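In the working numbering, the protein residues as written are 774 to 1178.
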């Protein structure tokens, strides 16, 4: 299979004042760092909105003395805990290591994982360029700084203000899986996908990333490892208590601002077909993205399709879009500026604090999902087909690099 190709993005004298300023050594880095620290402080002041779910879940999960309502019975007795076992275990460990200050520990870890996401995205972009025999141009680092400035407030809202450790872990390991696929490490890539699903079940469509590995053997290994990892984490709960299946049917309110309402789905709570459709549609779009040679757009189309069909409209949901947009902006989009990250920040995240824009939120979610899917599947920089070299463009001609089995 062929690895992604990416235009070098060599800078021109027409970068503009803002881009020239950000391009100065360390100025952009320091500015983005101060911007992120400011957001951390602001979010931490009233943070931890959802931490009680993790505190309760971790306590019940770790109570091995109660053989009827705790331990492996946690999901059967508390179906409201839509949190994967890996995330529950992580919450318990953080509470123990921090001497009871699990919330602060989770906020710090979540912030650190945001840094990991940025580093991994930059690495993926470097790997894509390296396949063409090119070095990372300075203009791409400038683009990264602007994209990170958009990414930071959204990520910190999820990691610090809401403190949704499960979503943070799932997204981090989704990006990790992408980086490991690029590095041709099937075992670790499969494990990363498994941990993402074991943190939050909606991450299941991320498994299509494993199909981007270069041979049938490596793909089989990766999918096998992922399947074993998911089974090892989830099966004990179903075996110990068949009522764990109740958690699969847990529903939430269908909010007036949701995309479902715009699609004339007026049921009060989650329709029974909605969760399977989200999973299947995300996997299908991700699969088509791979077939079109656009692996770096998989996370964006998976998360966009999920949010478009989700009955709830929690503000922290946009963290998934922010991660997908960051990856696509840096390693897929042809644009000089990170327009996808800017759109997620302004149109889908910041707009939620403007009540006058609430009536168009569902329309914005669906429109974003449609446009993102079109952009990923028919735009950006794809993978050349086997035996075909890409046409020359710009200052360099990228060679078609076939990954050896």
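Cβ coordinates follow ideal geometry from the N, Cα and C atoms, glycine included. Please read all numbers here as calculations on a predicted model, not as lab measurements.
Item: Residue 1026, DSSP secondary structure in three states; Value: strand
Item: Among 950, 1114, 1059, 986, nearest to residue 969 - alpha-carbon criterion; Value: 950
Item: 8 Å Cβ cutoff met for residue 1249 and residue 1104; Value: As shown, the chain starts at 774 and ends at 1178. That puts residue 1249 outside it, with no answer to give.
Item: Backbone CA spacing between residue 866 and residue 828 [nearest angstrom]; Value: 11 Å
Item: Same chain only: Cβ atoms within 7 Å of residue 1016, ignoring 5 sequence neighbours per side; Value: 849
Item: Simplified DSSP assignment, three categories, for residue 1042; Value: strand
Item: For residue 802 and residue 1050, the rounded distance between their alpha carbons; Value: 41 Å
Item: Exposed unless 16 or more other CB atoms sit within 10 angstroms - verdict on residue 1132; Value: exposed
Item: Candidates 1038, 920, 1030: closest to residue 1129 by CA position; Value: 1030
Item: Beta-carbon proximity list for residue 846, same chain, < 6 Å, skipping 5 on both sides; Value: 1014
Item: Residue 1141 burial status per 10 Å Cβ neighbour count (16 or more: buried); Value: buried
Item: N-terminal and C-terminal residue of the alpha helix (DSSP H) that residue 1016 is part of; Value: Per DSSP, residue 1016 belongs to no alpha helix (DSSP H) and is neither H nor E.
Item: Simplified DSSP state of residue 879, which is helix, strand or coil; Value: helix
Item: Length of the line joining the Cα atoms of residue 880 and residue 936; Value: 6 Å
Item: Three-state secondary structure assigned by DSSP to residue 958; Value: coil
Item: Where the alpha helix (DSSP H) through residue 1140 begins and ends; Value: 1134 to 1151
Item: For residue 1065, three-class secondary structure by DSSP; Value: coil
Item: Residue 827 - containing alpha helix (DSSP H), residue span; Value: 824 to 835
Item: Straight-line Cα distance separating residue 830 from residue 858; Value: 9 Å
Item: Ordered list of alpha helix (DSSP H) runs contained in the stretch 887 to 935, each at least 4 residues; Value: 911 to 929
Item: Helix, strand or coil at residue 1085 [DSSP, three-state]; Value: coil
Item: Residue 932 versus residue 810: straight-line alpha-carbon distance, rounded; Value: 13 Å
Item: Residue 1001 versus residue 959 - alpha carbon distance; Value: 13 Å
Item: Best match in 868, 1098, 856 for proximity to residue 972 [C-alpha to C-alpha]; Value: 856
Item: Whole-angstrom distance between residue 1084 and residue 1042, CA atom to CA atom; Value: 7 Å
Item: Spatial neighbours of residue 1011 in its chain, beta-carbon cut-off 8 Å, leaving aside the 5 residues before and after; Value: 1017, 1018
Item: Short CB-CB distance (under 8 Å) between residue 1033 and chain C; Value: Protein chain content of the structure displayed is limited to a single chain, and chain C is not contained in it.
Item: Boundaries of the alpha helix (DSSP H) in which residue 817 is found, first to last residue; Value: 800 to 818
Item: Cβ-based burial, residue 904 [other Cβ within 10 Å; buried from 16]; Value: buried
Item: Buried versus exposed, by CB contacts within 10 Å (16 or more), residue 1136; Value: exposed
Item: Counted within 10 angstroms of its Cβ, other Cβ atoms place residue 934 as buried (16 or more) or exposed; Value: buried
Item: Residue 939, DSSP secondary structure in three states; Value: helix
Item: Member of 915, 1032, 900, 901 whose CA lies at the smallest distance from the CA of residue 805; Value: 915
Item: Own chain partners of residue 1115 with C-beta closer than 7 Å, once the 5 adjacent residues on each side are dropped; Value: 923
Item: Residue 1092 in three-state terms, based on DSSP; Value: helix
Item: Three-state class that DSSP yields for residue 1047 in the structure shown; Value: helix
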